[in-house]
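What follows is one structure encoded as structure tokens, with my remarks underneath.
Numbering (our numbering), first residue to last: 260 to 775.
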């Protein structure tokens with residue numbers, strides 16, 4: 260409570276200082292970090308006008324290699340993944356115990372250890388990925404490259420399913436569990452412990468530290484400040500814009516959200532999972548039903564919409580829109596629609612109750628399908644059939660949200676209010692999940708004491724208000740670059756540890772076979 264009181268005391272000060280310090284902070288921070296942002300987003304030119312960021316090439320190449328290495332697990336294990344979420348394999352026989360590193364803070368376990376169910380782990384991870392990228396990011400992608408961008412978006416979502424399987428299997432395999440049952444997992448742990456097994460202890464430690472630093476920065480910016488800023492802007496827009504009762508009072512919106520976020524994240528992953536397993540299905544269903552309503556109303560335009568996607572997919576502007584629009588604009592402004600290859604989701608999935616690491620890897624491959632293949636595609640269709648897209652237009656994230664809002668408004672005048680509510684839920688769920696990601700990285704670097712924990716959570720809640728009250732574009736750009744940079748140490752670890760993932764997959768399949 261004392262932390263909340265302190266935050267409430269500081270919030271009005273932040274809001275009052277907004278107009279006088281925003282520009283100065285942006286300029287100073289941009290000058291100090293611009294080199295890093297430019298380096299992460301540096302492009303490899305394909306011709307005189309088109310370039311592809313080097314990090315994007317690694318993500319696509321990695322996802323493609325994982326898909327081939329595991330013989331199309333994206334499709335072959337889709338049905339198994341659904342059965343796991345339903346609990347069909349919860350009674351599998353316990354095979355050899357999971358070995359954990361000798362550490363006084365951890366225990367060796369044989370049974371299904373963890374803190375949350377398969378479904379809760381999935382929704383906790385989805386809550387961080389389903390968000391503004393599914394709304395603003397898609398609108399930006401289609402504006403850059405036209406309807407054909409949708410095809411590339413679906414393709415990348417499909418390939419990303421394999422990346423999720425690999426990183427989340429490793430997340431469970433190398434997690435640490437305290438005597439109290441608290442789980443600590445994610446790339447920080449499979450980089451250190453997994454690479455140590457391969458005789459690369461120093462490399463693993465360095466990569467883990469780099470990942471943790473980037474994850475913390477990303478949690479404060481892209482996973483927090485950007486989310487709340489965009490949610491407030493849409494809320495302000497649908498309630499009247501400059502005539503809104505809350506116009507120019509972002510800090511009030513931020514205070515309310517900070518308190519709600521604080522109440523949830525203080526309870527740890529179990530409290531977060533209890534919230535997300537209700538919010539995520541509700542917000543996805545709410546949004547999808549609104550979109551389906553518009554698609555039904557505009558049913559006569561659907562055939563031409565699908566044709567425009569097919570026709571535009573292989574045109575130059577379609578390729579640019581699909582790769583640059585979705586994988587850069589959508590990724591930078593919503594932590595890449597599904598975060599496949601980044602490593603963040605492995606942190607949430609590590610907390611699952613399971614006997615087999617590969618079981619959660621299979622559950623995780625459902626994420627990109629739900630987030631990108633389903634939700635993003637539906638957003639694209641509703642934007643196309645309502646004629647909201649102007650190919651070649653340069654739009655911002657806020658304008659992207661407005662385009663989707665206008666598309667829904669074409670069906671019913673009150674649908675934008677529904678979208679505004681959904682976006683607030685998207686932002687809230689993203690923030691609470693990213694707070695968990697950031698804290699796990701924070702605890703890896705600074706320890707697991709209560710003071711360390713509350714220090715991080717206090718800073719996180721304070722950033723909620725700053726994000727709502729100010730428009731710190733340079734700070735957001737830097738945090739987005741840090742999220743992109745998480746991919747570098749993570750992908751190195753994934754490639755080196757592929758044989759370990761295969762071992763876990765064989766072991767899990769054997770258990771299923773023995774059961775049947």
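Even glycine gets a Cβ: it sits at the ideal position worked out from N, Cα and C.
Close-in-space but distant-in-sequence residues of the same chain around residue 324 (CB under 6 Å, 5 per side omitted): none
Kindly confirm or deny that the region 670 to 690 and the region 474 to 489 touch, where touching means at least three C-beta pairs closer than 8 Å. yes
Own chain, CB closer than 8 Å to residue 459, minus 5 neighbours either side, in chain order: 755
Cβ shell of residue 649 (< 7 Å), same chain only, five flanking positions each side left out: These residues qualify, in order along the chain: 402.
Under 7 Å, do residue 421 and residue 447 count as touching if we go by C-beta distance? no
Using only alpha-carbon positions, find the residue among 619, 346 and 638 that is nearest to residue 408. 638
Count the other C-beta atoms from every protein chain shown that fall within 10 angstroms of the C-beta of residue 701, then say buried if there are 16 or more, exposed otherwise. buried
How many Å lie between residue 770 and residue 760 at the Cα? 15 Å
Which residues does DSSP pair with residue 435 in a beta bridge? Residue pairing by DSSP puts residue 435 in a beta bridge opposite 443.
Given a cut-off of 7 Å on the beta-carbon distance, is the pair residue 679 and residue 494 in contact? Yes. Within cutoff.
Between residue 344 and residue 622, how many whole angstroms is the CB-CB distance? I'm expecting something under 8 Å. 6 Å
Contact belief for residue 333 with residue 417 at Cβ below 8 Å, rounded distance in angstroms: 6 Å
In the structure shown, what three-state DSSP assignment does residue 514 receive? Helix.
Proximity winner among 394, 296 and 427, relative to residue 618 (alpha-carbon distances): 427
Cβ neighbours of residue 666 in the same chain (closer than 6 Å, five flanking residues each side left out): Excluding sequence neighbours, residue 666 sits near 641, 642, 645 and 647.
Is residue 301 buried or exposed, if buried means 16 or more other CB atoms sit within 10 Å of its CB? exposed
Tell me the rounded alpha-carbon separation between residue 685 and residue 542. 7 Å
State the start and end residues of the unbroken beta strand (DSSP E) segment that holds residue 302. 302 to 304
Best match in 677, 765 and 635 for proximity to residue 498 [C-alpha to C-alpha]: Residue 498 has its Cα closest to that of 677, out of 677, 765 and 635.
Starting from the Cα of residue 553, find the closest Cα among 571, 503 and 664 and give me that residue. 664
Same chain, Cβ closer than 7 Å to residue 720, neighbours up to 5 away in sequence not counted: Around residue 720: 266, 517, 520 and 521.
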